[in-house]
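The structure appears below as structure tokens.
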Amino acid sequence: MAPALPPPRKRLGQHFLIDPNIVRKIVAAAALTGQEAVLEIGPGRGILTAALLSTAPSVTAVEVDPKLGDYLRETLGHQTNLILRIGDALEFPYEELAVGTVVVANLPYYISTPLLFRLLEARHRIDRLVLMLQTEVARRLVAPPGTKDYGVLSVLTQHAADASLAFHVPLACFRPRPEVGSSVVSLVMRRRSADPDAERRFVRTVRAAFAHRRKTLANSLRDEGFAPDVVARALAQADILPSRRAETLSLEEFGALSHHL
Numbered sequence: 161m162a163p164a165l166p167p168p169r170k171r172l173g174q175h176f177l178i179d180p181n182i183v184r185k186i187v188a189a190a191a192l193t194g195q196e197a198v199l200e201i202g203p204g205r206g207i208l209t210a211a212l213l214s215t216a217p218s219v220t221a222v223e224v225d226p227k228l229g230d231y232l233r234e235t236l237g238h239q240t241n242l243i244l245r246i247g248d249a250l251e252f253p254y255e256e257l258a259v260g261t262v263v264v265a266n267l268p269y270y271i272s273t274p275l276l277f278r279l280l281e282a283r284h285r286i287d288r289l290v291l292m293l294q295t296e297v298a299r300r301l302v303a304p305p306g307t308k309d310y311g312v313l314s315v316l317t318q319h320a321a322d323a324s325l326a327f328h329v330p331l332a333c334f335r336p337r338p339e340v341g342s343s344v345v346s347l348v349m350r351r352r353s354a355d356p357d358a359e360r361r362f363v364r365t366v367r368a369a370f371a372h373r374r375k376t377l378a379n380s381l382r383d384e385g386f387a388p389d390v391v392a393r394a395l396a397q398a399d400i401l402p403s404r405r406a407e408t409l410s411l412e413e414f415g416a417l418s419h420h421l
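Using the numbering used here, read the sequence shown as starting at 161 and increasing by one per residue.
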């Protein structure tokens with residue numbers, strides 16, 4: 161007798177994927193070779209987990225809901241390549257992942273941004289990410305300069321990875337049906353800088369530049385604690401007009417500005 165399906169918990173924002181065609185598209189986007197370890201965050205009822213287990217030598221599934229954990233043990237616990245971890249994905253030790261791990265996940269939307277930053281910080285252990293996200297967030301990840309979606313999340317993501325939008329997922333592919341659209345993105349990790357101070361300077365520069373979106377770049381940086389003379393000199397050295405706004409700068413221009421600051 162099959163175990164009873166755990167009901168969705170609204171507090172955890174649970175919307176379970178039910179469409180096998182979308183599962184196949186996600187696995188195809190991950191382009192697994194059969195050699196990489198896989199990390200899945202938020203396996204839910206295991207529809208994607210089962211597909212990953214048939215392809216990867218090991219799948220570590222991190223689930224915060226103990227009732228779903230019990231369900232996964234009953235339905236997939238016989239699979240010897242499944243490593244089930246019950247706990248908060250924000251507290252998972254990503255620094256312990258095998259080098260070259262592929263992350264395939266339907267991220268919990270209410271914590272998707274902090275989770276994404278945790279994953280990007282661990283990019284020295286991760287080869288690529290294939291993530292289902294709220295469409296609004298997905299568009300921000302891949303947004304080019306000069307668009308309304310371009311911001312801190314865009315720059316920091318594209319600094320860390322080559323980001324592309326894979327496909328959109330219809331609302332009918334979930335139970336219960338969500339109120340927001342979903343999309344799948346692919347992020348292929350770039351090599352992390354060997355200089356951690358340079359990384360910190362880059363992040364600080366980007367966050368300061370976007371802190372006051374309606375202000376010019378020079379004013380926003382000054383308001384965030386950079387000395388006016390330092391800002392003026394760095395902008396001149398980077399060949400960036402002080403009157404420009406953060407959303408017009410390319411990834412390369414942010415890199416030059418960070419270096420000169």
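We treat Cβ as the ideally placed atom computed from N, Cα and C, and that holds for glycine.
Taking the C-alpha atoms as reference points, what is the distance between residue i and residue j?
{"i": "residue 249", "j": "residue 389", "result": "43 Å"}
{"i": "residue 324", "j": "residue 421", "result": "30 Å"}
{"i": "residue 204", "j": "residue 228", "result": "6 Å"}
{"i": "residue 193", "j": "residue 351", "result": "21 Å"}
{"i": "residue 392", "j": "residue 254", "result": "39 Å"}
{"i": "residue 367", "j": "residue 247", "result": "30 Å"}
{"i": "residue 363", "j": "residue 209", "result": "34 Å"}
{"i": "residue 331", "j": "residue 416", "result": "42 Å"}
{"i": "residue 217", "j": "residue 240", "result": "9 Å"}
{"i": "residue 312", "j": "residue 234", "result": "42 Å"}
{"i": "residue 280", "j": "residue 264", "result": "14 Å"}
{"i": "residue 215", "j": "residue 180", "result": "15 Å"}
Over what stretch of residues does the beta strand (DSSP E) that includes residue i continue unbroken?
{"i": "residue 294", "result": "286-294"}
{"i": "residue 198", "result": "197-201"}
{"i": "residue 261", "result": "261-266"}
{"i": "residue 246", "result": "242-246"}
Leaving out five residues before and five after residue i in sequence, what residues of the same chain have Cβ atoms less than 7 Å from its Cβ?
{"i": "residue 189", "result": "290, 326, 344 and 346"}
{"i": "residue 315", "result": "366, 411 and 414"}
{"i": "residue 329", "result": "182, 292, 342, 343 and 344"}
Would you say residue i faces chain C, with C-beta separation under 8 Å as the test?
{"i": "residue 305", "result": "This model lacks chain C altogether; it includes just one protein chain."}
Once the 5 residues before and after residue i are set aside, which same chain residues still bring their CB inside 6 Å of it?
{"i": "residue 176", "result": "204, 205 and 335"}
Which first and last residues belong to the alpha helix (DSSP H) in which residue i is found?
{"i": "residue 412", "result": "411-420"}
{"i": "residue 223", "result": "It is not in any alpha helix (DSSP H) - residue 223 instead sits in the beta strand (DSSP E) that spans 218-223."}
{"i": "residue 390", "result": "388-397"}
{"i": "residue 353", "result": "Counting along the chain, residue 353 falls outside any alpha helix (DSSP H), and DSSP gives it neither H nor E."}
{"i": "residue 319", "result": "312-320"}
{"i": "residue 206", "result": "Residue 206 -> no alpha helix (DSSP H), and no H or E assigned at all."}
{"i": "residue 231", "result": "226-236"}
{"i": "residue 383", "result": "377-383"}
Taking the alpha-carbon of residue i as reference, which of the options has the nearest alpha-carbon?
{"i": "residue 169", "options": "301, 338 and 258", "result": "338"}
{"i": "residue 174", "options": "294, 210 and 184", "result": "294"}
{"i": "residue 370", "options": "310, 212, 317 and 273", "result": "310"}
{"i": "residue 267", "options": "223, 332, 212 and 318", "result": "223"}
{"i": "residue 226", "options": "245, 241 and 212", "result": "245"}
{"i": "residue 269", "options": "397, 340 and 407", "result": "340"}
{"i": "residue 271", "options": "297, 358, 264 and 377", "result": "297"}
{"i": "residue 353", "options": "333, 383 and 321", "result": "321"}
{"i": "residue 318", "options": "397, 381, 302 and 307", "result": "302"}
{"i": "residue 186", "options": "212, 382 and 397", "result": "212"}
{"i": "residue 305", "options": "184, 407 and 418", "result": "407"}
Quick one: measure Cβ to Cβ for residue i and residue j, integer angstroms, because I've assumed they're closer than 8 Å.
{"i": "residue 258", "j": "residue 197", "result": "4 Å"}
{"i": "residue 219", "j": "residue 243", "result": "7 Å"}
{"i": "residue 377", "j": "residue 360", "result": "So it is not a contact: roughly 20 Å between Cβ atoms."}
Identify, in the order they occur along the chain, each residue of the same chain with its Cβ nearer than 8 Å to the Cβ of residue i, setting aside the five sequence neighbours on each side.
{"i": "residue 379", "result": "372"}
{"i": "residue 261", "result": "196, 197, 198, 199, 285, 286 and 287"}
{"i": "residue 277", "result": "316"}
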